[in-house]
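Asker: Just so we're on the same page, our numbering is the position in the sequence shown counted from 1, plus 26.
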Amino acid sequence: MPIATPEAYAEMLDRAKAGKFAYPAINVTSTQTLHAALRGFAEAESDGIVQISTGGAEFLGGQYNKDMVTGAVALAEFAHIVAAKYDVTVALHTDHCPKDKLDGYVRPLLAVSAERVAKGLNPLFQSHMWDGSAETLADNLAIGQELLAQAAAAKIILEVEITPTGGEEDGVTHEINDELYTTVEDALRTAEALGLGEKGRYLLAASFGNVHGVYKPGNVVLRPELLKDLQAGVSEKYGKPAGSQPLDFVFHGGSGSTAEEIATALENGVVKMNLDTDTQYAFTRPVADHMFRNYDGVLKVDGEVGNKKTYDPRTWGKAAEAGMAVRVTEACANLRSTGTKLK
C-alpha cells in the first residue's frame, strides 16, 4: 500500500485512539533505516509512522551543503515509491523543529505540500511537528495557530509540544526537573488557542517526565497517569462526556520505558510514540559485531588486501537492517499495534 492519504492517516489515528494502541514513530536517517522501519512494520502487520528530525534531514541532504529541505523531500519521495511494496500503511512525519529552524524546515515543507494539494495531489508529508517548548506558552501557541492553519489547508496534521521534554535531541536541550510535567492549565490554554479539531487536527506532545535518550532506572520519574487529568480537565471545560478523551497525545522520550508506563499512556490517549535511541542502537549493534568478528577482512591489515565480501556495505548493511526491523516489531508489540493494519 502507498504512503497514507490524509483520510487514511486520520483513520489510523482514530482506530488507535478507540483501540487503546499507538503507532511507533521511527526516526530514519537514510534509505536503509527507512527500509528497516518499513520491514519491521510489515513483519508486525502494523501500520506506522516514519519521521525525520532536523538533524536527520540535514544528514540526508548530504554533508556538502547539509540542506534540510532537500534531504527531507528526497527521502519522502523515495518513501512514496518503495513503501508501495510493503503491505502496510505508513505516514511520513517531521520530528522536532524549534523556532529558529521553522523557516529552513517546516515552513518550506508545508509550502511543498500546499503546492501538491493545489494540483489535486496528496501532501508529501502527512504531519509536521512544531516544537515550541523552549518558548513561552503564549508565543508557542501563537506560532502553533499560524502553522495549524497552514497545515490544515494542506491536509496535514500538526504536532505541537507545549512543555519541555528533558534530555537532548538535535541540539535542543532541557534539564531534567519538575518542569517536565504539563499542567491542566497548559492543556486548557492549548485547547483554547488551537481548538479541538475545528481549526485543524493536531497531536499534542504533553510532558509527564519524558526524557530523550536512554536513562537508568530512578533517574527519571514518568507519570503517564497525568494524561488522564489533562483529558478530564479539557473534557469538563468543553462539556465533553465524562471519560472522553478529546486530546490525541504523543509519547516522547519513549526509549527505556517500562511496559506498565506504556500501558498507562495508551489507556489515557497516546496514539503515537517516538523511538530513536533504541532503534539507532539496534541498527548499529550488528555492524559493530560484524566489524569485530571480521577485523582482518574489513581492514587491510599488515599489507594484506582484506576481504571484499566482508567490507562490502551490503554485507553488514543487511544485518543492520534486520536488527533494526526486529526492534520495530518489538515496539509494535509493546504499543499493541501488532496485527492492526488497515485492510
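Backbone N, C-alpha and C define an ideal beta-carbon position, used for all residues, glycine too.
Between the Cα of Tyr-112 and those of Ala-291, Leu-147, Ala-30 and Asp-212, spot the shortest distance and give me the residue it belongs to.
Answerer: Ala-30
Asker: If we call anything under 8 Å between Cβ atoms a contact, is Leu-230 one with Phe-277?
Answerer: no
Asker: Going by the DSSP bridge assignment, what does Met-155 pair with across the sheet?
Answerer: According to DSSP, which records beta bridges pairwise, Met-155 is partnered with Glu-185.
Asker: Tell me which residue opens and which closes the alpha helix (DSSP H) that Thr-80 is part of.
Answerer: Element bounds for Thr-80: 80–86.
Asker: Report yes or no: do the segment 80–89 and the segment 138–145 share at least 3 C-beta pairs separated by less than 8 Å?
Answerer: no
Asker: Over what stretch of residues does the beta strand (DSSP E) that includes Ala-231 continue unbroken?
Answerer: Ala-231 -> beta strand (DSSP E) spans 228–231.
Asker: Take Glu-69 and list the residues in its own chain whose beta-carbon comes closer than 7 Å to its own, dropping the five residues that flank it on each side.
Answerer: Ala-351 and Thr-355
Asker: Under 8 Å, with one C-beta from each stretch per pair, do the segment 148–158 and the segment 31–41 reach the 3-pair mark?
Answerer: yes
Asker: Within this structure, are the beta carbons of Pro-124 and Leu-361 separated by less than 8 Å?
Answerer: no
Asker: Give the straight-line distance between the Cα atoms of Asp-121 and Ile-78, rounded to the nearest whole angstrom.
Answerer: Just so you know, the alpha carbons of Asp-121 and Ile-78 end up roughly 6 Å apart.
Asker: Should Ala-48 and Lys-298 be called a contact, given that it needs their Cβ atoms to be closer than 8 Å?
Answerer: In contact: Ala-48 and Lys-298 (Cβ atoms closer than 8 Å).
Asker: Does DSSP classify Val-95 as helix, strand or coil?
Answerer: helix
Asker: Assign Asn-236 to one of three DSSP states: helix, strand, or coil.
Answerer: coil
Asker: Can you check whether the C-beta of Pro-312 is within less than 8 Å of a C-beta belonging to chain C?
Answerer: Judged by its chain identifiers, the structure shown contains no chain C, having just a single protein chain.
Asker: With distances taken from CA atoms, which of Val-186, Asp-328 and Gly-323 is nearest Lys-335?
Answerer: Gly-323
Asker: Considering only their Cβ atoms, is the gap separating Ile-188 from Ser-159 smaller than 8 Å?
Answerer: yes
Asker: Which residue comes first and which comes last in the beta strand (DSSP E) that contains Pro-267?
Answerer: Where Pro-267 is concerned, there is no enclosing beta strand (DSSP E), given that its DSSP letter is neither H nor E.
Asker: Ile-288 to Arg-353, Cα distance in whole Å?
Answerer: 16 Å
Asker: Can the beta-carbon of Lys-46 be found closer than 8 Å to that of Leu-292?
Answerer: Taking 8 Å as the Cβ cut-off, Lys-46 and Leu-292 qualify as a contacting pair.
Asker: What residues in its chain sit with their C-beta under 7 Å from that of Leu-226, if we drop five residues either side in the sequence?
Answerer: Position check: residue 226 holds Gly in this sequence, whereas Leu was assumed. Counting only Cβ-Cβ distances below 7 Å, and skipping sequence neighbours, we find Leu-174, Ala-175, Ala-177, Ala-178 and Leu-184.
Asker: What are the complete alpha helix (DSSP H) segments, minimum 4 residues, inside the segment 38–66?
Answerer: none
Asker: I'd like to confirm the pairing. Which residues does DSSP put opposite His-119 in its beta bridges?
Answerer: Gln-77 and Ser-153
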